[in-house]
Ligand code: XMP
Ligand code: MG
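Here it is in structure tokens:
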């Protein structure tokens, strides 16, 4: 598929790569301040958070070990089922660690609320959430997210790690997917 064909699947660019990098730099400075002298572990949620983690972690001027968790709640649909399944668990023992969950997007909040509950039982010293994107109008449960990049409308978005049926993750910007692609 040519680049022009991919562009036709996008209704509009919502957040550009430049805006994302600038925002992650800003959040990294805050996180470095908040966690100075602490034993921080970044936990990325696969696969969507891969790009966020890559740019955020490199902007962090401190030690930031990374671990990954893979959960699924979506399949190839555009709506959260709320049913979360662990596909890959962490390698790290979270006991006594300060955990920062790195997420691509908070939509209904169902996945994160499940994850937060799961992590609380593992004895972490503290747990906070960083999400590049949040859809406030789609919230089904309220998530206390300390570090938010951008609040966006409820449209389904792709790019910068976010996919539709495993496509579009490799786009540099975050874009609204054109409805003709999934309807
Ligand atoms: P929830 O609804 O549980 O979302 O907060 C959980 C996961 O679903 C994915 N998600 C999206 N993926 N475009 C995507 O490509 C979207 O607009 C979108 N909304 C949710 C994402 O992986 C999130 O972590
Ligand atoms: Mg995700």
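Numbering (the working numbering), first residue to last: 14 to 196. Even glycine gets a Cβ: it sits at the ideal position worked out from N, Cα and C. Because the structure is a prediction, the values reported are computed rather than measured.
Helix or strand or just coil, what does DSSP make of residue i?
{"i": "residue 19", "result": "helix"}
{"i": "residue 155", "result": "coil"}
{"i": "residue 196", "result": "coil"}
{"i": "residue 187", "result": "strand"}
{"i": "residue 85", "result": "strand"}
{"i": "residue 96", "result": "coil"}
{"i": "residue 37", "result": "helix"}
{"i": "residue 62", "result": "coil"}
{"i": "residue 27", "result": "strand"}
Considering only the alpha carbon of each residue, which of the options lies closest to residue i?
{"i": "residue 172", "options": "187, 85 and 63", "result": "187"}
{"i": "residue 37", "options": "179, 192 and 74", "result": "74"}
{"i": "residue 24", "options": "174, 169 and 145", "result": "169"}
{"i": "residue 112", "options": "51, 35, 165 and 40", "result": "51"}
{"i": "residue 53", "options": "33, 26 and 142", "result": "142"}
{"i": "residue 192", "options": "185, 177 and 184", "result": "177"}
{"i": "residue 39", "options": "190, 160, 180 and 196", "result": "160"}
{"i": "residue 106", "options": "134, 120, 98 and 72", "result": "134"}
{"i": "residue 183", "options": "43, 129, 65 and 48", "result": "65"}
{"i": "residue 198", "options": "98, 57 and 196", "result": "No information on residue 198 is available, as it lies outside the stretch 14 to 196 that the chain covers here."}
{"i": "residue 102", "options": "76, 131 and 109", "result": "131"}
{"i": "residue 97", "options": "80, 129 and 44", "result": "129"}
{"i": "residue 33", "options": "67, 140, 17 and 149", "result": "67"}
Inspect the beta-carbon positions of residue i and residue j and report whether they are closer than 8 Å.
{"i": "residue 28", "j": "residue 69", "result": "no"}
{"i": "residue 165", "j": "residue 122", "result": "no"}
{"i": "residue 154", "j": "residue 22", "result": "no"}
{"i": "residue 83", "j": "residue 118", "result": "no"}
{"i": "residue 174", "j": "residue 63", "result": "yes"}
{"i": "residue 147", "j": "residue 30", "result": "no"}
{"i": "residue 71", "j": "residue 85", "result": "no"}
Can you pull the DSSP bridge partners for residue i?
{"i": "residue 132", "result": "Bridge partners of residue 132: none, in fact."}
{"i": "residue 141", "result": "113"}
{"i": "residue 32", "result": "Beta-bridge pairing links residue 32 to no other residue."}
{"i": "residue 182", "result": "Beta-bridge pairing links residue 182 to no other residue."}
{"i": "residue 147", "result": "119 and 164"}
{"i": "residue 57", "result": "81 and 115"}
{"i": "residue 175", "result": "172"}
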